[in-house]
Amino acid sequence: MSTAADPFKGYKGRSRAALESWGVRVWSDVQVENDNGSLFEGVILPRSETLDDLHVVIKLKNGYNVGLHVDRVRRVREVGYKEAVYKIPEKEFPRRPNLPHVTLLGTGGTIASRLDYRTGAVIPAFTPGELYGAVPELADICNLTTKKLFGVFSENMAKEQYVVLAQAIGDEIAAGADGIVIGHGTDTMGHTAAILSFMVQDSPVPIVLVGSQRSSDRPSSDAALNL
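Under my numbering, the first residue of the sequence shown carries the number 1, and numbering increases by one thereafter.
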């Protein structure tokens with residue numbers, strides 16, 4: 001079982017033992033030779049614990065990821081190490097009494113993010129300070145409060161999530177929010193909108209669902225503009 005501080009994050013069984021025996025860890029810059037004599041250079045990436053324990057994943061210098069079977073690795077050399085920083089710069093979100101108070105409820109997906117080009121990791125922004133750093137125009141529109149309810153793919157939204165979401169909307173209305181924005185995946189956004197129209201009736205404030213067609217780490221993303 002890996003933890004947040006685990007140097008072999010996501011690896012288990014044979015792949016974890018292999019990393020330990022090679023004297024390398026997640027985020028190590030390595031040179032790896034396989035049994036065919038092919039040489040791979042890149043950085044070792046973390047893995048999901050739900051995947052098999054037979055492969056180690058490396059992000060190559062050309063940006064592609066490659067999975068190497070532990071039984072086919074013949075030589076590993078660590079040439080450097082630099083841990084990825086999973087934090088997006090924050091700026092203090094200014095509060096202006098003349099602007100409306102808006103609550104952003106997060107259900108999944110990424111509205112704004114920063115790409116770590118070394119590892120390929122997409123670092124999501126969600127706190128007011130992070131969103132202000134990514135989309136500073138927000139400060140000219142509203143006073144923003146954010147609450148992350150859960151993080152699921154929109155196609156996995158079910159009754160439990162809809163109940164939590166509707167209750168959160170009611171709580172924010174009761175607390176005096178002037179408007180509510182819901183960050184949502186695009187696949188089933190229409191379904192959620194229809195369900196909320198029955199669960200939250202006669203709302204005194206606007207309720208808006210927002211998502212994007214292109215990932216927020218892409219230069220052509222519509223995520224920030226939609227928000």
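Beta carbons are placed, not taken as given, at the ideal position from N, Cα and C, and that holds for glycine.
Note that the structure is a prediction, hence the values are computed from the model and not measured.
Measuring straight from C-alpha to C-alpha, what distance separates residue i and residue j?
{"i": "Pro7", "j": "Lys148", "result": "28 Å"}
{"i": "Gly129", "j": "Leu138", "result": "11 Å"}
{"i": "Pro204", "j": "His184", "result": "22 Å"}
{"i": "Ser2", "j": "Ala158", "result": "Here Ser2 scores only 49 on pLDDT, less than 50, and its place in the model should not be relied on; the value that follows carries that caveat. Computed Cα separation, rounded: 29 Å."}
{"i": "Glu83", "j": "Asn98", "result": "43 Å"}
{"i": "Gly133", "j": "Ser154", "result": "26 Å"}
{"i": "Val26", "j": "Arg75", "result": "17 Å"}
{"i": "Ala5", "j": "Asp202", "result": "47 Å"}
{"i": "Leu39", "j": "Ala17", "result": "21 Å"}
{"i": "Gly13", "j": "Val152", "result": "28 Å"}
{"i": "Gly108", "j": "Tyr64", "result": "26 Å"}
{"i": "Thr103", "j": "Ser221", "result": "23 Å"}
{"i": "Gly225", "j": "Ser48", "result": "The amino acid at residue 225 is misidentified as Gly; the sequence shows Leu. So the alpha carbons of these two residues sit roughly 32 Å apart."}
Relative to the C-alpha of residue i, which candidate in the options has its C-alpha closest?
{"i": "Asn156", "options": "His191, Gln201 and Glu78", "result": "His191"}
{"i": "Phe150", "options": "Leu144, Asp140 and Gln161", "result": "Gln161"}
{"i": "Asp52", "options": "Val70, Ala168 and Val43", "result": "Val70"}
{"i": "Glu92", "options": "Glu78, Asp29, Val135 and Val26", "result": "Val135"}
{"i": "Leu144", "options": "Pro94, Ile169 and Val76", "result": "Pro94"}
{"i": "Pro173", "options": "Val200, Ser21, Ala18 and Ser221", "result": "Note on identity: in this sequence residue 173 is Ile, with Pro being the wrong assignment. Considering only alpha carbons, the answer is Val200."}
{"i": "Leu165", "options": "Ile44, Val26, Ile195 and Tyr64", "result": "Ile195"}
{"i": "Leu131", "options": "Leu227, Gly10, Gly23 and Leu54", "result": "Leu227"}
{"i": "Leu54", "options": "Glu33, Leu39, Gln31 and Leu19", "result": "Leu19"}
{"i": "Val32", "options": "Gly13, Leu68 and Arg214", "result": "Leu68"}
{"i": "Ile207", "options": "Asp178, Leu39, Val152 and Pro100", "result": "Asp178"}
{"i": "Gly10", "options": "Pro219, Leu39, Pro46 and Gly37", "result": "Pro46"}
{"i": "Gln167", "options": "Phe198, Gly63 and Val152", "result": "Phe198"}
{"i": "Glu90", "options": "Thr127, Thr103, Leu104 and Lys12", "result": "Thr127"}
{"i": "Arg96", "options": "Leu104, Cys142 and Thr103", "result": "Cys142"}
In three-state DSSP terms, what is residue i?
{"i": "Gln31", "result": "strand"}
{"i": "Asn156", "result": "helix"}
{"i": "Asn226", "result": "helix"}
{"i": "Tyr132", "result": "helix"}
{"i": "Val163", "result": "helix"}
{"i": "Val70", "result": "helix"}
{"i": "Thr192", "result": "helix"}
{"i": "Ile182", "result": "strand"}
{"i": "Thr3", "result": "Only weak support is given to the placement of Thr3: the predicted model assigns it a pLDDT of 47, under 50, and the question is left unresolved by the model."}
{"i": "Ile233", "result": "Not covered by the structure: residue 233. The range shown for the chain is 1 to 227."}
{"i": "Glu172", "result": "helix"}
{"i": "Phe198", "result": "helix"}
{"i": "Leu45", "result": "coil"}
{"i": "Phe19", "result": "A small fix is needed here, since residue 19 is Leu in this sequence, not Phe. Leu19: helix per DSSP, three-state reduction."}
{"i": "Val208", "result": "strand"}
{"i": "Asn62", "result": "coil"}
Check whether the Cβ atoms of residue i and residue j lie closer than 8 Å to each other.
{"i": "Asp35", "j": "Arg72", "result": "yes"}
{"i": "Glu41", "j": "Lys59", "result": "no"}
{"i": "Gly80", "j": "Asp29", "result": "yes"}
{"i": "Ile44", "j": "Val24", "result": "yes"}
{"i": "Gly106", "j": "Thr146", "result": "yes"}
{"i": "Val181", "j": "Val210", "result": "yes"}
{"i": "Ile111", "j": "Ala193", "result": "no"}
{"i": "Val56", "j": "Ser21", "result": "no"}
{"i": "His101", "j": "Gly170", "result": "no"}
{"i": "Gln213", "j": "Thr188", "result": "no"}
(request) Only counting runs of 3 or more residues, tell me where the beta strand (DSSP E) segments fall wholly within the region 72–105, in order along the chain. (result) Under the rule that a run must span 3 or more residues, the beta strand (DSSP E) segments found entirely inside the region 72–105 read 73–81.
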